[in-house]
Structure formats: structure tokens, C-alpha cells
Amino acid sequence: MEYQSQPATQFGTAVTEQNKVLRNTYMMLALTMIPTVIGAFIGMSINFSFMALHPIIFSLLMFAVMMGLMFAVGALRNSVWGIVALLGFTFVAGVLLGPILQVALHLKNGAQLVGMAAGGTGIIFGSLATIATVTKKDFSFMGKFLFIGVILLIIASLANMFFAIPALALTISAIAVLIFSAYILYDISQIVHGGETNYVMATMGLYLDIYNIFVNLLSLLMAFSGEKE
22 MEYQSQPATQ
32 FGTAVTEQNK
42 VLRNTYMMLA
52 LTMIPTVIGA
62 FIGMSINFSF
72 MALHPIIFSL
82 LMFAVMMGLM
92 FAVGALRNSV
102 WGIVALLGFT
112 FVAGVLLGPI
122 LQVALHLKNG
132 AQLVGMAAGG
142 TGIIFGSLAT
152 IATVTKKDFS
162 FMGKFLFIGV
172 ILLIIASLAN
182 MFFAIPALAL
192 TISAIAVLIF
202 SAYILYDISQ
212 IVHGGETNYV
222 MATMGLYLDI
232 YNIFVNLLSL
242 LMAFSGEKE
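Just so we're aligned: 232 in the numbering used here is position 211 of the sequence shown, and the numbers increase by one with no gaps anywhere.
In C-alpha cells form, the structure reads like this:
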């Protein structure tokens, strides 16, 4: 009896721990929306004329800043400073929403498109998070394919900075929505199955999924439904 009950107890403890990580991740994810919104409002008031004059330099600088902050979150993930770094990261991410929000809100139906992008992102996240949590299917097999997809996406985005092909930009946005939607399944599956036990890192992963879906969904909505003044 002792031999049989010990593995059962260990399994129960592991499930409890995974549920705790998932719960803390969702709570932290909700909290990250506050600095993101504050940062977005600040970003909308900033003059990004430098970006228009030097789009490639600005994009590379933005990428370097985000990577640096992500490294800081990873390095501090086991302390309270990891939470501070995560909130700082989401604040900066909010500020960097400024350029696309400025463009969107200059459209006649811009506010509606931003709302649709936010609502669509929420629906995608809610649906896929439910699937990953309720079915408890292990989506870890998607990891390598998704990572390769992101690398190709970054390369295509960098290439399109030089060529500036509108059709390619739309294709990249559409593929990005699909890839980061799949990442929601993967990231939550990692938590559910014990592959990710740190809720700070889990939150950052899901935050990036949501952030990228929103940005690319908004880009698609502006391209296909935007009404100029």
C-alpha cells in the first residue's frame, strides 16, 4: 500500500503545483495589462518622427531594447525583482505600441479597429487557453516548428524593411497571428504539463503571444477595413 500511495501523492502534489503556476500566471498576466495601457497612452503622445526617417535603425533599436529587457526578466525570474522587470518590460512594450496606435487612430474608424483587434485577441486567447487547459493535450511537439517559424518571420520582417512590399507585410502579419496563436497552446501546455514552473517566465511568454497577435491583427484590420479621413 505504501508503494502505491507514494506515487499517487507525488502526482497529486505535481498537479497542485502546476495549477498554482497557471493561476499565478493568469493573475500576473492581468496585472501586466495595467503598465501596458499606461505605456500605450504615453506612446500615443510621443513624436516618433525619428522612426519615419530611420525605420530600420528604429526597428533594430526597439528589438535590442526588448531583448535586453527580456534577458533581465529571465535573469531575475526567481526574485521579486523579476516581477518588477516584467512590469517594466510590459510598460516599454506599451510605449512601443505608440506608432501603430497613432496610425490607427488617424483613420476614420480607427478606434473601432483598435477595439476589434483587442476583442479578437481576447477571443483567440480565451478559446485557445481553454482548449489547452481543459483537454490537457500535450502540445510540446509544436515547440521546434514554432521556433523555426518565428525565426523565419523575423528574417522576412527584416527583409521587408528594405523592400517594403505591402503584400509581403500583410502575409507576414497573417502568418504571425497563426504562429503566436499556436504559441498560446504550446505555452499553456508547458505550464499544465510541468514544462514551465516559473510563473514570471510563463507570463512573459503568454504576454508576447497576446502582444504579437494584437499588433498583427490590428495591422490586418487597418489594411483591409481602414477608412481614411
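Where is the CB? At the ideal position from N, CA and C, for every residue including glycine.
Please read all numbers here as calculations on a predicted model, not as lab measurements.
query = Under 8 Å, do residue 42 and residue 220 count as touching if we go by C-beta distance?
reply = Yes, the pair counts as a contact, with Cβ atoms nearer than the cut-off.
request  = Kindly list the residues whose CB is nearer than 7 Å to the CB of residue 157, restricted to its own chain and excluding five residues on each side of it in sequence; keep chain order.
outcome  = Excluding residues within five positions, the ones whose Cβ falls inside 7 Å are 213.
message = Taking 7 Å as the limit between beta carbons, can you name the residues of its chain near residue 159, skipping five residues before and five after?
response = 210 and 214
query = Which residues in the same chain as residue 230 place their Cβ atom closer than 6 Å to its Cβ, once the five residues preceding and following it in sequence are excluded?
reply = 201, 204 and 205
ask   = For the alpha helix (DSSP H) that contains residue 233, what are its first and last residues?
value = 220-246
task = Specify the secondary structure class of residue 38 as computed by DSSP and reduced to three states.
result = Note: residue 38 maps to helix in three-state DSSP.
query = What separation, rounded to the nearest whole angstrom, lies between the Cα atoms of residue 135 and residue 190?
reply = 19 Å
C-beta contact flag for residue 224 and residue 46 at 8 Å = yes
Cut-off 8 Å between Cβ atoms - residues of its own chain near residue 61, not counting five sequence neighbours on either side = 115, 116, 118, 119 and 122
query = Out of 182, 146 and 192, which has the shortest C-alpha to C-alpha gap to residue 76?
reply = 182
inquiry  = Quick check: what's the CA-CA separation for residue 58 versus residue 232?
reply    = Going from the Cα of residue 58 to the Cα of residue 232 covers about 12 Å.
task = Determine the contact status of residue 124 and residue 107, defining contact as a CB-CB distance below 8 Å.
result = It is not a contact, given that the beta carbons lie outside the stated cut-off.
ask   = Unbroken beta strand (DSSP E) runs of length 3 or more, entirely within the stretch 170-214: which are they?
value = none
query = Are residue 228 and residue 50 closer than 8 Å when you measure CB to CB?
reply = yes
query = Leaving out the 5 sequence neighbours to the left and right, which residues in its chain are closer than 7 Å to residue 142 when beta-carbon positions are compared?
reply = 231, 234, 235 and 238
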